[in-house]
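Worksheet: one structure, shown below.
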Ligand SMILES: Cc1ncc(COP(=O)(O)O)c(C=O)c1O
């Protein structure tokens, strides 16, 4: 059996729908920012439970637009070091400076106590990232810290389409949320991003910034320094198709994750993430911790060569604070020399298993059985090395 690291689940009916709709777009003469973009935005806002949604060309520009709409120039913004570099880079592009915060070992999410410790007089806000599609069980505490200190709190929900806590979906939990539709993401439009918010002012500013800073998209009168962060009608076709399948996609991801939870619960050498019952993850990634003695590279190679199973990339294997770009531009992040032992631990010791809609029970069983054998061989090898 061959298990690839990713399958994007388009069936024949999906492909027919997409082809027909793209043909209609091509014949309409409106290739960008028209009815289908509006429809996708309306559907996505409804899905997240927010009043507004603004489609953009990438998840990175969605974060930047939110930060520019709020205004972070000359301020610091706290972000987890355990995230994709797009999160801190968006702060820098919006002319803010980054403060990195630690994550919690048990759930990989930003540590509320470290947020509190890292706040400075020039700190304007915090970005939380729902790593792996899991919402922090401490989001309420983080919200409270931000409220007390007068900081904004926004979500980088690039991993978390459809994830929920206490019945509320990602994208609706803070002042604004940002999503990515990159192909590996839970919902995809090939490329693309989305801003969600209840805040009318952020919504209106986002519309202006997305369209070269025009006060009204119909006229070339520029009132802000914006950019071309628009969303095309072709991408919107893909987005509408994903909205029609979103419930099924989430159900499938959760089914596969549940199956792994059952199969792996008593494996030696691996520890599963514990997710409180009020949190419904999107399972952007299925994450488990490896015994510290197991070499992740060895394990992945064995799974690949012996069992034809490609394990996907780690959520993040290299923490942001350690990225070489910060040596080149040292002022952009203020605390890269701090210590981040939890972040370094989780980056080094977790592994991700293949998880996508359509992954059958026999496939998850094959992955689990192969993993058990690899874990046993890797432990023996490690003992022999010592
Ligand atoms: C946490 C996080 N934030 C932001 C982004 C950026 O999204 P995009 O690639 O659409 O710009 C990604 C994408 O990989 C991400 O994983």
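Residue numbers (our numbering): 2 to 387. Here a beta-carbon is modelled for each residue, glycine too, at the ideal position from N, C-alpha and C.
### Cβ separation of residue 295 and residue 314, assumed to be a contact under 8 Å, to the nearest whole Å
The sequence position of residue 295 within the chain shown is 294, counting from 1. The sequence position of residue 314 within the chain shown is 313, counting from 1. Contact flag wrong, Cβ pair sits at about 17 Å.
### Query
Are the beta-carbon atoms of residue 82 and residue 344 separated by less than 8 Å?
The residue given as residue 82 occupies position 81 in the chain shown. The residue given as residue 344 occupies position 343 in the chain shown. Cβ atoms of residue 82 and residue 344: closer than 8 Å.
### Task
Mind checking who residue 352 pairs with in its DSSP beta bridge?
Here residue 352 is taken as the residue at index 351 of the chain shown, counted from 1. 289.
### Query
Are at least three pairs of beta-carbons, each pair with one atom in the region 221-235 and one in the region 4-17, less than 8 Å apart?
no
### Message
Which complete beta strand (DSSP E) runs does the region 105-188 hold, if anything under 3 residues is left out?
### Response
Runs found: 124-130, 153-157 and 177-181.
#### Entry: C-alpha distance - residue 172 paired with residue 321, whole-angstrom precision
As a position in the chain shown, residue 172 is number 171, starting the count at 1. As a position in the chain shown, residue 321 is number 320, starting the count at 1. Their backbone Cα atoms lie some 23 Å apart in a straight line.
### Query
Straight-line CA distance for residue 151 to residue 208?
The count along the chain shown starts at 1 and reaches residue 151 at position 150. The count along the chain shown starts at 1 and reaches residue 208 at position 207. Rounded to whole angstroms, residue 151 to residue 208 spans 26 Å at the Cα level.
### Query
Are the CB atoms of residue 102 and residue 60 nearer to each other than 8 Å?
By one-based count along the chain shown, residue 102 stands at place 101. By one-based count along the chain shown, residue 60 stands at place 59. Contact: no.
### Message
If I follow the unbroken beta strand (DSSP E) through residue 81, where does it start and stop?
### Response
Against the chain shown, residue 81 aligns to sequence position 80. 77-81 is the span of the beta strand (DSSP E), which, as asked, contains residue 81.
### Query
Would the beta-carbon of residue 304 fall within 8 Å of that of residue 376?
Taking the first residue of the chain shown as 1, we reach residue 304 at position 303. Taking the first residue of the chain shown as 1, we reach residue 376 at position 375. Not closer than 8 Å, so no.
### Query
Where does residue 239 fall in DSSP's three states?
The residue labelled residue 239 in the question sits at position 238 within the chain shown. Three-state DSSP puts residue 239 in a helix.
### Query
Closest by CA to residue 161, which one among 34, 286 and 237?
In the chain shown, residue 161 corresponds to position 160, counting from 1. Ranking 34, 286 and 237 by Cα distance to residue 161 puts 286 first.
#### Entry: Any non-hydrogen atom of ligand 1 closer than 7 Å to residue 365 Cβ
By 1-based counting over the chain shown, the position of residue 365 is 364. No, since every heavy atom of ligand 1 falls outside the 7 Å radius drawn around the Cβ of residue 365.
### Task
Please find out if some non-hydrogen atom of ligand 1 comes closer than 7 Å to the beta-carbon of residue 82.
As a working mapping, residue 82 is identified with position 81 in the chain shown. Because no heavy atom of ligand 1 lies under 7 Å away, the Cβ of residue 82 does not count as near it: no.
### Query
Is there at least one non-hydrogen atom of ligand 1 closer than 7 Å to the beta-carbon of residue 159?
Here residue 159 refers to the residue found at position 158 when the chain shown is read from its first residue. When distances are taken from the beta-carbon of residue 159 to the heavy atoms of ligand 1, the shortest one is below 7 Å.
### Query
Going by beta carbon distance, what residues of the same chain come within less than 7 Å of residue 191, once the five residues before and after it are set aside?
In the chain shown, counting from the first residue as 1, residue 191 sits at position 190. 184, 236 and 239, listed in sequence order.
### Query
By Cβ distance, which residues of its chain are closer than 6 Å to residue 178, with the 5 residues on each side in sequence left out?
For this step, residue 178 is matched to residue 177 along the chain shown. Residues of the same chain with a CB within less than 6 Å of the CB of residue 178, apart from the 5 flanking positions on each side, are 156, 158, 172 and 197 in chain order.
### Message
Pairs of beta-carbons, one from the region 92-102 and one from the region 64-82, closer than 8 Å: are there three or more?
### Response
yes
### Query
Relative to the alpha-carbon of residue 142, which residue among 132, 110 and 261 has its alpha-carbon at the smallest distance?
Start at 1 with the first residue of the chain shown, and residue 142 comes out as number 141. Of the listed residues, the one whose Cα sits closest to residue 142 is 110.
### Task
Grab me the residues of residue 292's own chain with a C-beta within less than 6 Å of its C-beta, minus the 5 sequence neighbours each way, in chain order.
Here the question's residue 292 lines up with position 291 in the chain shown. So the qualifying residues of the chain are 270.
### Message
Less than 7 Å separating the Cβ of residue 85 from some heavy atom of ligand 1?
### Response
As a position in the chain shown, residue 85 is number 84, starting the count at 1. Answer for residue 85: yes, Cβ within range of ligand 1.
### Message
If you reduce the DSSP assignment to three classes, tell me which class residue 323 lands in.
### Response
Counting from 1 along the chain shown, the entry for residue 323 is found at position 322. In this structure, residue 323 counts as helix in the three-state DSSP scheme.
### Query
What whole-angstrom Cβ distance do residue 311 and residue 5 have, given they're in contact under 8 Å?
As a first step, residue 311 must be located in the chain shown, where it is residue number 310. As a first step, residue 5 must be located in the chain shown, where it is residue number 4. Rounded, the Cβ-Cβ distance is 6 Å, consistent with contact.
### Query
Where residue 119 and residue 338 are concerned, what is the direct C-alpha to C-alpha distance, given to the nearest angstrom?
As a first step, residue 119 must be located in the chain shown, where it is residue number 118. As a first step, residue 338 must be located in the chain shown, where it is residue number 337. Near 13 Å, if we compare the C-alpha coordinates of residue 338 and residue 119.
### Query
Using DSSP with H/G/I as helix, E/B as strand and the rest coil, what is residue 56?
As a position in the chain shown, residue 56 is number 55, starting the count at 1. If DSSP states are grouped into helix, strand and coil, residue 56 belongs with the strands.
### Query
Apart from the five residues just before and just after residue 23, which ones in its own chain have a Cβ nearer than 8 Å to its Cβ?
Translated into positions along the chain shown, residue 23 becomes position 22. 235 and 238, listed in sequence order.
### Query
Smallest Cα separation from residue 175: which of 186, 19, 211 and 130?
Counting from 1 along the chain shown, the entry for residue 175 is found at position 174. Closest by alpha carbon: 130.
### Query
Does DSSP put residue 86 in a helix, in a strand, or in coil?
As a working mapping, residue 86 is identified with position 85 in the chain shown. DSSP places residue 86 in coil when its eight states are reduced to three.
### Task
Go ahead and pull the three-state DSSP assignment for residue 214.
If you number the chain shown from 1, residue 214 lands on position 213. Residue 214: coil per DSSP, three-state reduction.
### Query
In its own chain, which residues sit with a C-beta less than 8 Å from the C-beta of residue 367, not counting the 5 before and 5 after it?
The count along the chain shown starts at 1 and reaches residue 367 at position 366. Taken in chain order, the residues that qualify are 2, 4, 308 and 310.
### Message
How far does the alpha helix (DSSP H) with residue 16 in it extend, from its first residue to its last?
### Response
The sequence position of residue 16 within the chain shown is 15, counting from 1. Looking at the DSSP string, the run of the alpha helix (DSSP H) that includes residue 16 is 13-29.
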